[in-house]
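Read the structure below first, then the notes.
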Amino acid sequence: MTTAPERPGTLPEGQMHTQIMSLNVGPQHPSTHGVLRLVVDMDGEYVVKVTPHMGYLHTGFEKTFENRTYQQGVTYAPRTDYLHSFGHELAYVLSVEKLLGADVPERATTVRVILHELGRIHSHLVFVGTGLLDLGALTPFFYAFREKEALQDLFEAVCGYRMNQGYFRVGGLSRDIPDDWAPRVEKFLDQMERGVTEYTTLFAQNPIFLDRARGVGVIPPEVALDLGLTGPNLRASGVPLDHRKDNPYCGYETYDFNVITSPDGDSLARFNMRLLEFGESIKIVRQGLRRLKPGPVKDPNRKISLPPRHELETSMEAVIHHFKLVTEGFHPPLGEVYVPVESARGEVGYYIVSDGGSMPYRVKIRAPSFVNLQALEYACVGAQFADLITILATIDPVLGDVDR
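Per full-length UniProt numbering, the very first residue in the sequence shown carries number 1; after that it's consecutive.
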């Protein structure tokens, strides 16, 4: 008796046949947090490979910087990371100021620190709200956005914009803060402290959330360092790197705050990192408000800062300075510069090369989201597909920060 021949591609009886299936996630998908496309290779429910595809945003910010005056670049910096706009603004102006040797007044520096930390809170609020929304928790989204809207009211009061503020200037600020702004910030901080307690009650001990996040997407510290992670994602793996402490700027070395770390390196640690950083940012903002003293908010050098409006009516020299700065801009000396800043996503910095002209010769942005995405495949391989959504949410990329 002869047996029927096996069909091509079949396996002997008793051996399981598996086939790798490729899925497209994004770029039009809310869980990718922007126009990010992921090609996910699946073996059943388990991820065997993740390939991020970037480049759908087409912003071209770096090249645009090279065709604008240094002061005009302030318009583009906040659009690179629209959730922590002040982080990119600060990194850009600090680099240009280092080229120029600008003298930034103390009041302007203090206001920058306050807004830098309020921007960090704003970004983490979006992280908490949308990250938990990805996991199916709708209520925390409304709670987090309640504080987010109140915070954007404060941004609007300062410069007229709720997003993409463009408030900082090379040499200081575009204008001083309103008289009633500091008391409003104090009131918001009280509201924020109550909000953090509510968020903790809502999800930090929720068993469903803990099952979805604990032990998921573990990134060991040595891997995190090899991949170049920075910010909360690196500190969640136990590495206490924070440029506010390690490479202080804007006088951060004089502020009292803690660098939060966790030894776990999983999605739960990355969630908790943002939750705990709320308290540290609130602490810094309160110290900044106590330091606010009356004074100028712009470098007095008329070759860097625009003269006050009232001077234009009485001084021909002020009119000439105004005309030259608006039409041509200032000319930094030859050189190259890079100043790292601790944004809500990690190290952000603007590497700027000056050829002595009124526009940068080269601009290269060290964007944390672009680097942090490298960890996605390492964290996802071996996890289930549902875990991929959790891991991506906790890495917290902003695609303007990736496609620059």
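Cβ coordinates follow ideal geometry from the N, Cα and C atoms, glycine included. Please read these numbers as outputs of a predicted model, since none were measured by experiment.
- Separation of E336 and F65 (C-alpha to C-alpha, rounded to the nearest whole angstrom) is 15 angstroms.
- The beta-bridge partner set that DSSP reports for N24 consists of V39.
- DSSP places K49 in the uninterrupted beta strand (DSSP E) bounded by 46 to 53.
- Assigned with DSSP and collapsed to three states, F330 falls in coil, not helix or strand.
- Taking all protein chains shown into account, V326 has fewer than 16 neighbouring C-beta atoms within 10 Å of its C-beta and is therefore exposed.
- With fewer than 16 other CB atoms across the displayed protein chains lying within 10 angstroms of its CB, G136 is exposed.
- The beta carbon of R162 sits closer than 7 angstroms to the beta carbons of Q152, F155, E156 from its chain, once the five residues preceding and following it are set aside; these are given in chain order.
- The Cβ atoms of H331 and S358 sit closer than 8 angstroms to each other.
- Note that the stretch 333 to 352 does not touch the stretch 190 to 200; fewer than 3 beta-carbon pairs, one per stretch, sit closer than 8 angstroms.
- Listed in chain order, the non-local C-beta contacts of Y252 below 6 angstroms within the same chain comprise R244, local neighbours out to five positions each way being set aside.
- E147 is the residue among T109, L138, E147 whose C-alpha sits nearest the C-alpha of H124.
- A residue is called buried when at least 16 other Cβ atoms come within 10 angstroms of its Cβ; N24 does not meet this threshold and is exposed.
- Rounded to the nearest whole angstrom, the CA to CA distance from R404 to P78 is 12 angstroms.
- Using a C-beta cut-off of 8 angstroms, the stretch 289 to 307 makes no contact with the stretch 211 to 222, since fewer than three inter-stretch Cβ pairs fall below that distance.
- Residue environment: N233 is assigned as buried (16 or more neighbouring CB atoms within 10 Å of its CB, all protein chains considered).
- Annotated three-state conformation of F257 is coil, per DSSP.
- Judged by pairs of C-beta atoms under 8 angstroms, the stretch 291 to 301 touches the stretch 105 to 117, as three or more such pairs exist.
- Its chain contains E62, Y351 as the residues whose beta carbon lies nearer than 7 angstroms to that of K364, once the 5 sequence neighbours on both sides are disregarded; these appear in chain order.
- Taking C-beta separations shorter than 6 angstroms and ignoring five residues to either side along the sequence, the partners of P221 in its chain run S237, G238, V239, following chain order.
- In the DSSP assignment, V170 falls outside any alpha helix (DSSP H), carrying neither H nor E.
- In the three-state scheme derived from DSSP, where H, G and I count as helix and E and B as strand, I282 is classed as helix.
- Counting only runs of 4+ residues, the alpha helix (DSSP H) found wholly inside the stretch 322 to 383 occupies 368 to 372, 375 to 380, in chain order.
- Assignment of beta-bridge partners to K298 by DSSP yields G172.
- For C159, the uninterrupted alpha helix (DSSP H) run begins and ends at 139 to 159, by DSSP.
- Within the stretch 163 to 223, the complete alpha helix (DSSP H) segments of 4 residues or longer fall at 181 to 199, 207 to 213, listed in chain order.
- The Cβ-Cβ distance between V170 and Y70 falls below 8 angstroms.
- Annotation: I20 to Y46 spans about 10 angstroms, alpha carbon to alpha carbon.
- No Cβ-Cβ contact shorter than 8 angstroms links L94 with V371.
- With a beta-carbon spacing of about 43 angstroms, E377 and L289 fall beyond the 8 angstroms limit used to define contacts.
- In this structure, T80 and D401 form a Cβ contact; the two beta carbons are roughly 6 angstroms apart against a cut-off of 8 angstroms.
- Scanning L173, F168, V381 for the CA closest to the CA of D41 turns up V381.
- Distance from the Cα of P183 is smallest, within the candidate group V48, N272, K324, V285, for V285.
- G87 sits in a helix when the DSSP states are folded into three classes.
- Counting of Cβ neighbours within 10 angstroms places I320 among the exposed residues, the total staying below 16.
- In the structure shown, E277 falls within a helical segment according to DSSP collapsed to helix, strand and coil.
- Straight through space, the alpha carbons of T390 and F142 are spaced by roughly 19 angstroms.
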